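Visitor:
There are 2 protein chains.
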Amino acid sequence: MGSIERIKNVARRVAKWRAAGHQIVVVPSAMSGETNRLIGLARELQEQPDPRELDMIAATGEQVSVGLLAMALKAIGVDARSYAGWQVPVRTDSSYTKARISSIDDQRIRADLDAGRVVIVAGFQGVDDAGNITTLGRGGSDTSAVAVAAALNAAECLIYTDVDGVYTTDPRVVPEARRLSVISFEEMLEMASLGSKVLQIRSVEFAGKYRVPTRVLSSLTDPLIALDEEMKSGTLITFEEDEKMESAVVSGIAFSRDEAKITVLAVPDKPGIAYSILGPVAAANIDVDMIVQNQSVAGTTDFSFTVHRNEFQKALDVLNGQVLPAVGGREVVADNKVCKVSIVGIGMRSHVGVASLMFKTLSEEGINIQMISTSEIKTSVIVDDKYMELAVRALHKAFGLDQAA
Amino acid sequence: MGSIERIKNVARRVAKWRAAGHQIVVVPSAMSGETNRLIGLARELQEQPDPRELDMIAATGEQVSVGLLAMALKAIGVDARSYAGWQVPVRTDSSYTKARISSIDDQRIRADLDAGRVVIVAGFQGVDDAGNITTLGRGGSDTSAVAVAAALNAAECLIYTDVDGVYTTDPRVVPEARRLSVISFEEMLEMASLGSKVLQIRSVEFAGKYRVPTRVLSSLTDPLIALDEEMKSGTLITFEEDEKMESAVVSGIAFSRDEAKITVLAVPDKPGIAYSILGPVAAANIDVDMIVQNQSVAGTTDFSFTVHRNEFQKALDVLNGQVLPAVGGREVVADNKVCKVSIVGIGMRSHVGVASLMFKTLSEEGINIQMISTSEIKTSVIVDDKYMELAVRALHKAFGLDQAA
Chain R
1 MGSIERIKNV
11 ARRVAKWRAA
21 GHQIVVVPSA
31 MSGETNRLIG
41 LARELQEQPD
51 PRELDMIAAT
61 GEQVSVGLLA
71 MALKAIGVDA
81 RSYAGWQVPV
91 RTDSSYTKAR
101 ISSIDDQRIR
111 ADLDAGRVVI
121 VAGFQGVDDA
131 GNITTLGRGG
141 SDTSAVAVAA
151 ALNAAECLIY
161 TDVDGVYTTD
171 PRVVPEARRL
181 SVISFEEMLE
191 MASLGSKVLQ
201 IRSVEFAGKY
211 RVPTRVLSSL
221 TDPLIALDEE
231 MKSGTLITFE
241 EDEKMESAVV
251 SGIAFSRDEA
261 KITVLAVPDK
271 PGIAYSILGP
281 VAAANIDVDM
291 IVQNQSVAGT
301 TDFSFTVHRN
311 EFQKALDVLN
321 GQVLPAVGGR
331 EVVADNKVCK
341 VSIVGIGMRS
351 HVGVASLMFK
361 TLSEEGINIQ
371 MISTSEIKTS
381 VIVDDKYMEL
391 AVRALHKAFG
401 LDQAA
Chain S
1 MGSIERIKNV
11 ARRVAKWRAA
21 GHQIVVVPSA
31 MSGETNRLIG
41 LARELQEQPD
51 PRELDMIAAT
61 GEQVSVGLLA
71 MALKAIGVDA
81 RSYAGWQVPV
91 RTDSSYTKAR
101 ISSIDDQRIR
111 ADLDAGRVVI
121 VAGFQGVDDA
131 GNITTLGRGG
141 SDTSAVAVAA
151 ALNAAECLIY
161 TDVDGVYTTD
171 PRVVPEARRL
181 SVISFEEMLE
191 MASLGSKVLQ
201 IRSVEFAGKY
211 RVPTRVLSSL
221 TDPLIALDEE
231 MKSGTLITFE
241 EDEKMESAVV
251 SGIAFSRDEA
261 KITVLAVPDK
271 PGIAYSILGP
281 VAAANIDVDM
291 IVQNQSVAGT
301 TDFSFTVHRN
311 EFQKALDVLN
321 GQVLPAVGGR
331 EVVADNKVCK
341 VSIVGIGMRS
351 HVGVASLMFK
361 TLSEEGINIQ
371 MISTSEIKTS
381 VIVDDKYMEL
391 AVRALHKAFG
401 LDQAA
């Protein structure tokens with residue numbers, strides 16, 4: 001939620017849904033800029049703010065939102081009641097700043113719904129078993145919303161965001177990108193993990209785990225737009241694979257520039273080498289994404305992996321400082337000017353030649369592929385990041401995504 | 001607490017007390033301006049914000065403060081842990097925006113103190129039996145501090161504020177005003193209720209109820225000042241009446257310009273008339289302060305009382321709209337250009353002629369007294385508010401308050 005005016009618009013939209021006979025639970029995020037303001041205050045006191053205390057502070061952003069939204073609803077005659085995470089309670093583990101929801105008690109929420117109230121639950125936050133306030137990390141409000149929907153067995157979870165749905169790719173890169181009216185959960189999961197910023201991956205995982213039908217809608221439309229028109233917009237994340245979906249081989253192109261590639265050259269090719277290299281990296285709390293180990297040549301192999309660009313230098317330090325002396329490779333070569341481009345589609349399961357078309361398309365554009373990683377429904381490549389937009393546009397066209405479905 | 005710099009100063013001061021071997025619980029207020037900012041947001045949505053939701057929002061100000069102070073302490077090597085009111089818990093009744101503390105659980109606090117931590121408890125807030133967040137109203141942080149001190153049976157409650165103690169009167173009105181090093185609890189209670197803004201009256205009541213030795217100190221001194229020097233500053237509110245205190249007949253002059261006087265002329269002088277007049281006023285949630293009923297003349301009497309100037313118009317509406325038609329008085333006359341000036345002193349108990357000296361002093365200055373109200377240790381008068389400063393200065397001198405004790 002942004003300004004007071006946006007809070008009023010949320011209230012109008014909620015009132016519209018309620019007037020249509022629905023029971024509504026709303027999970028607002030903090031007002032825009034608020035979370036950053038709070039973290040900024042913390043950083044003025046501690047370079048690495050204490051995680052428990054940071055959560056104590058950060059959780060207040062959503063607590064303010066829920067109270068304000070309740071007021072906005074009451075101001076237009078809709079009875080409403082707000083709850084902080086601990087009041088529901090939304091129980092989490094104790095991993096401050098990135099806690100995971102373990103359970104949500106639906107008793108208070110149901111009692112209020114039955115009493116005819118709109119219930120407003122603070123997103124992004126919970127409480128651990130010892131009664132400490134926790135937060136779920138960035139994008140946690142989406143996860144909270146899906147988790148509350150799951151706990152209540154809701155008919156649908158509507159996620160209002162600043163885009164109006166999931167696109168075949170980012171329209172800022174490919175103007176011909178089309179909005180998908182439906183996407184499968186598995187595809188959405190890949191899109192989220194591959195750099196599409198529509199939904200936080202953890203909220204998609206949650207939707208999948210509890211099979212919550214989730215719809216991405218725009219928060220920027222007129223809040224008083226007719227309900228059926230509102231439902232026709234956006235993208236529904238579904239768990240049923242219908243024919244229409246299978247007809248599309250590839251649903252979308254995802255990409256991310258937050259990549260860096262690291263290769264340890266000529267390490268001894270023996271059992272346990274992967275762990276010897278990646279163990280210290282994981283111990284330094286660095287997430288590794290793609291991993292490729294090349295064919296052994298003369299008893300040594302080249303071992304490559306990618307990390308988030310922000311953790312590039314940290315990873316290099318670990319490799320040069322700890323790994324290389326221990327495993328005895330020749331040297332570490334690295335490149336933080338790479339990007340990841342991925343094609344995603346549930347249809348890849350039953351169609352052959354999808355990856356080939358991707359490689360052919362990139363080849364025809366003269367784009368060298370540095371690493372490849374595949375799963376059942378996606379193929380990702382690492383290429384020089386100067387080719388990113390070109391690669392995305394070429395693939396979008398090659399897979400016919402610019403054609404109406 | 002004001003800015004980040006002030007939070008750092010609080011941390012330095014706390015560290016100093018702890019280094020001297022004390023166990024410390026800190027009850028910070030919100031950062032300056034924060035509570036007003038939050039209430040402002042609420043008012044943009046509802047002219048009369050829903051009290052439950054207002055407390056939900058307002059309580060976040062102190063929640064941010066406690067987290068930030070914990071970080072500031074950790075940053076200088078002092079282990080600390082913060083708690084929101086509900087985490088302690090600080091239990092209150094359900095009177096949103098003006099809740100009263102019913103109990104404070106000392107278990108978590110004591111466990112942390114025993115573990116060598118500084119404990120930081122959010123002031124101004126609590127939780128009711130149903131788990132709703134409540135706030136204590138303006139100045140509630142002082143009350144929280146005293147209540148926590150009482151629950152822990154603390155050696156002393158130190159209230160750091162933007163003045164360095166309790167003065168014989170407001171130094172802005174009388175430059176000769178002197179700081180009192182000691183004041184009795186009863187005198188402090190009268191001073192607080194009569195307009196001295198050093199401490200909120202409810203915090204003084206709490207200190208009295210649980211006999212918590214409470215010291216008012218300046219938050220603006222150098223935080224690293226020597227401890228014994230710091231203790232020599234400020235004012236101690238004590239429960240022991242020593243000789244020195246009895247020697248002073250009057251300890252201070254309090255005053256308030258927030259007054260308005262209302263008189264109902266020629267009401268029938270019959271039993272129940274006071275209730276007929278003040279009942280509807282109380283029902284409209286208007287606090288009445290002084291009440292005077294004059295001698296009956298020919299079966300009618302004039303009935304006067306004072307209200308807070310902010311509630312003047314509301315009170316007039318009640319009287320003209322409801323009371324006058326019902327009780328049949330002649331008319332309502334009113335004046336919101338009055339002030340209250342009071343002398344306060346525990347020595348008044350055992351000294352005669354104190355009120356007379358007050359009346360004589362005002363008479364010599366040509367100040368007409370409109371209403372008089374007395375208690376065991378104070379005498380208050382209502383006078384035209386243009387005489388306020390003159391009355392305070394004359395009384396300050398007449399009772400020898402400008403002389404060193």
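Chains as they are written, first to last, in UniProt numbering: chain R, 1 to 405; chain S, 1 to 405. Ideal placement from N, C-alpha and C gives every residue a C-beta, glycine not left out. For clarity, every value in this text was computed on a predicted model and none was experimentally measured.
In chain A, which residues lie with their C-beta within 9 Å of the C-beta of R/Val-66?
Guide: Although the question refers to chain A, the structure presented lacks it and instead comprises the protein chains R and S.
Visitor: Going along chain S in order, which residues have a C-beta closer than 7 Å to the C-beta of R/Glu-44?
Guide: Within chain S, the residues near R/Glu-44 are Ile-4.
Visitor: Helix, strand or coil: which one does DSSP assign to R/Ala-155?
Guide: Three-state result, R/Ala-155: coil.
Visitor: With respect to the beta strand (DSSP E) encompassing R/Asp-302, which residues constitute its N-terminal and C-terminal limits?
Guide: Per DSSP, R/Asp-302 belongs to the beta strand (DSSP E) from 300–308.
Visitor: So, are the CB atoms of R/Val-26 and R/Ile-120 less than 7 Å apart?
Guide: Going by C-beta atoms, R/Val-26 is nearer than 7 Å to R/Ile-120.
Visitor: Examine chain R for any beta-carbon lying closer than 7 Å to the beta-carbon of S/Lys-314, and answer yes or no.
Guide: So, not an interface residue.
Visitor: Which residues mark the beginning and the end of the beta strand (DSSP E) in which S/Met-371 is found?
Guide: Segment 369–375, the beta strand (DSSP E) holding S/Met-371.
Visitor: If you reduce the DSSP assignment to three classes, tell me which class R/Arg-257 lands in.
Guide: Here R/Arg-257 sits in strand by DSSP.
Visitor: Can you grab the Cα-Cα spacing for the pair R/Pro-28 / R/Met-348, in whole Å?
Guide: Cα to Cα, R/Pro-28 sits roughly 36 Å from R/Met-348.
Visitor: Can you find a C-beta in chain R that's less than 7 Å from the C-beta of S/Gly-77?
Guide: Taking Cβ atoms only, chain R never reaches closer than 7 Å to S/Gly-77, which makes this a no.
Visitor: Quick one: which chain R residues come within Cβ less than 8 Å of S/Ile-7?
Guide: Going along chain R in sequence order, the residues near S/Ile-7 (Cβ under 8 Å) are Leu-45.
Visitor: Could you give the distance in angstroms between the alpha-carbon of S/Ala-260 and the alpha-carbon of S/Ser-65?
Guide: Distance between the alpha carbons of S/Ala-260 and S/Ser-65 is about 37 Å.
Visitor: Give, in chain order, every residue of the UniProt domain "ACT" (262–341) of chain R whose Cβ lies closer than 7 Å to some Cβ of chain S.
Guide: If the cut-off is 7 Å between Cβ atoms, the UniProt domain "ACT" (262–341) of chain R has nothing near chain S.
Visitor: Just list the beta strand (DSSP E) runs in the segment 23–85 of chain R, keeping only unbroken ones of 3 residues or longer that don't cross its boundaries, in chain order.
Guide: You should have 80–83.
Visitor: Under 7 Å Cβ-Cβ, which residues of chain S neighbour R/Gln-87?
Guide: Here the neighbours are Gly-131.
Visitor: Starting from the beta carbon of S/Gly-82, find every residue of chain R whose beta carbon is closer than 7 Å, and list them in chain order.
Guide: Looking at the sequence shown, residue 82 of chain S is not Gly but Ser. Here the neighbours are Glu-53 and Met-56.
Visitor: If you draw a straight line from the C-alpha of S/Ala-151 to the C-alpha of S/Arg-52, how long is it?
Guide: When rounded, the distance between both Cα atoms is 26 Å.
Visitor: Taking DSSP as the reference, what is the three-state secondary structure of R/Asn-285?
Guide: The answer is coil: DSSP assigns R/Asn-285 none of H, G, I, E or B.
Visitor: Under 7 Å, do R/Ala-334 and R/Ile-262 count as touching if we go by C-beta distance?
Guide: Yes, the Cβ-Cβ distance between R/Ala-334 and R/Ile-262 is below 7 Å.
Visitor: Quick check: the segment 68–82 of chain R against the segment 97–105 of chain R, are there 3 or more CB pairs under 8 Å?
Guide: These segments do not touch.
Visitor: Just to check my reading of the structure: R/Glu-62 and R/Gln-125 have Cβ atoms closer than 8 Å, yes? What is that Cβ distance to the nearest angstrom?
Guide: Confirmed, about 6 Å.
Visitor: May I ask you to report which of helix, strand or coil DSSP gives S/Glu-243?
Guide: Unreliable positioning characterises S/Glu-243 in this predicted model, as indicated by a pLDDT of 49, which lies under 50. The coordinate reading is nonetheless provided below. Helix at S/Glu-243.
Visitor: Counting Cβ pairs closer than 8 Å, one from the segment 380–391 of chain S and one from the segment 357–372 of chain S, do we hit at least three?
Guide: The segment 380–391 of chain S vs the segment 357–372 of chain S: in contact.
Visitor: Anything in chain S within Cβ reach of R/Gln-63, meaning under 8 Å, just list it in chain order.
Guide: Within 8 Å Cβ-Cβ: Met-56, Ile-57, Ala-59, Thr-60 and Gln-63.
Visitor: Using the C-alpha atoms, what's the distance from R/Ile-377 back to R/Arg-343?
Guide: In the sequence on display, residue 343 of chain R carries Ile and not Arg. Rounded to the nearest angstrom, the two C-alpha atoms are 8 Å apart.
Visitor: Quick one: residues in its chain with C-beta nearer than 7 Å to the C-beta of S/Val-392, no 5 flanking neighbours on either side, listed in chain order?
Guide: Thr-169, Val-173, Val-174, Ile-253, Phe-255 and Val-341.
Visitor: Terminal residues of the continuous beta strand (DSSP E) containing S/Asp-335?
Guide: Counting along the chain, the beta strand (DSSP E) containing S/Asp-335 begins and ends at 331–344.
Visitor: Using the Cα positions of R/Ser-375 and R/Ser-193, report the straight-line distance between them to the nearest angstrom.
Guide: In a straight line, the C-alpha of R/Ser-375 is about 12 Å away from that of R/Ser-193.
Visitor: Starting from residue 419 of chain S, find everything on chain R with Cβ-Cβ shorter than 8 Å and list it in chain order.
Guide: Any answer about residue 419 of chain S is impossible in this case: the structure gives chain S only from 1 up to 405.
Visitor: Tell me R/Lys-378's beta-bridge partners as DSSP assigns them.
Guide: R/Val-344 and R/Ser-375.
Visitor: Sorted by chain position, which residues of the same chain lie with C-beta nearer than 6 Å to S/Glu-243's C-beta, five sequence neighbours on each side aside?
Guide: Here S/Glu-243 scores only 49 on pLDDT, less than 50, and its place in the model should not be relied on; the value that follows carries that caveat. The answer is none, since no qualifying residue turns up.
Visitor: Let me know the secondary structure DSSP gives R/Pro-268 once reduced to three states.
Guide: Residue state, collapsed to three classes: strand.
Visitor: Taking Cβ-Cβ distances below 9 Å as the criterion, which residues of the segment 136–149 of chain R are in contact with chain S?
Guide: Result list empty, no residue passes.
Visitor: When you compare only the Cα positions, how much space is there between R/Asp-106 and S/Glu-229?
Guide: Roughly 56 Å separates the two Cα atoms.
Visitor: Which residue's Cα is closest to the Cα of R/Leu-113: R/Pro-49, R/Gln-23 and R/Arg-6?
Guide: The shortest Cα separation from R/Leu-113 among R/Pro-49, R/Gln-23 and R/Arg-6 belongs to R/Gln-23.
Visitor: What three-state label does DSSP hand R/Leu-236 in the structure shown?
Guide: Strand at R/Leu-236.
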